[in-house]
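Residue numbers (the working numbering), protein chains in the order written: chain A, 130 to 243; chain B, 17 to 130.
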């Protein structure tokens, strides 16, 4: 499978617990943020996105929180399951109206213990 | 609906050769972006195409080029391959040219340079 980083930060959680994955972004002018999940041997899979005019958005079992003051994003996964084990990336569009180019964070590996 | 399709999945080349990678976006998606993923540098933006025009380009040398066809399919080309070009090359598509569009990724082409 793909090794997306030799020294990825790792979060280890027990199955059924909630997980919180954090991300600091770089550009205070960024208007759009996305969380992706990448499993071994696969491409990044879209999880949830949020615009800068919101500070919270909920999906199925996931919640994204945006704190523009400190340029921080978090992804909360409720009732974490073994299938949630993967590398999670946050991404920002730092150029807003200039198209669809994303800047990615370094990733966090989530390991779920059964 | 089929996802983003990238071919080939694996490729082995030697230094100095050139390579062409192919991407078919999700049906109806008109914007295609390319990213390079390596363990050391993570996910980095290469370029984005919309309506057969390159809209954005990342910080990569001119050896990296791409194009988009009228059916939105895209190819990227790398000439004079170097060992450091070994990476997973990912293609992503989004619906339109708007800046805040979720990008959906294929599973990539793994390029190995010997």
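Ideal placement from N, C-alpha and C gives every residue a C-beta, glycine not left out. Every value quoted in this text rests on a predicted model; they were computed, and no experiment measured them.
- For the pair residue 97 of chain B and residue 32 of chain B, the CB atoms are nearer than the 8 Å cut-off.
- Contacts between residue 76 of chain B and chain A, judged by CB atoms closer than 7 Å, are missing: the closest CB pair is about 12 Å apart.
- Per the C-alpha coordinates, the member of A:195, A:140, A:148 and A:165 positioned closest to residue 159 of chain A is A:195.
- DSSP places residue 136 of chain A in no beta strand (DSSP E); its state is neither H nor E.
- Among the residues of chain B, those whose CB is under 7 Å from the CB of residue 171 of chain A are 123, following chain order.
- Using a 10 angstroms sphere on the CB of residue 153 of chain A, the tally of other CB atoms stays under 16, which defines it as exposed.
- Residue 191 of chain A is positioned such that its CB atom lies closer than 8 Å to that of residue 177 of chain A.
- A check of alpha carbon separations from residue 67 of chain B across B:125, B:130, B:51 and B:47 identifies B:47 as the nearest.
- Neighbours of residue 178 of chain A in chain B, taken as residues at a C-beta separation under 7 Å, are given in chain order as 118.
- In the displayed model, residue 100 of chain B falls within a helix according to three-state DSSP.
- Residue contact with chain A for residue 49 of chain B: present (Cβ-Cβ distance below 8 Å to some residue of chain A).
- Residue-level contact by beta carbon holds for residue 115 of chain B and chain A, with a gap shorter than 8 Å.
- Among the CB atoms of chain A, one or more fall inside 8 Å of the CB of residue 64 of chain B.
- A contact is defined here as three or more CB-CB pairs under 8 Å, and the stretch 210–222 of chain A meets this definition with respect to the stretch 233–242 of chain A.
- Under DSSP, residue 210 of chain A forms no beta bridge with any residue.
- Close to residue 222 of chain A, with beta-carbon spacing below 7 Å, are these residues of chain B in chain order: 115 and 116.
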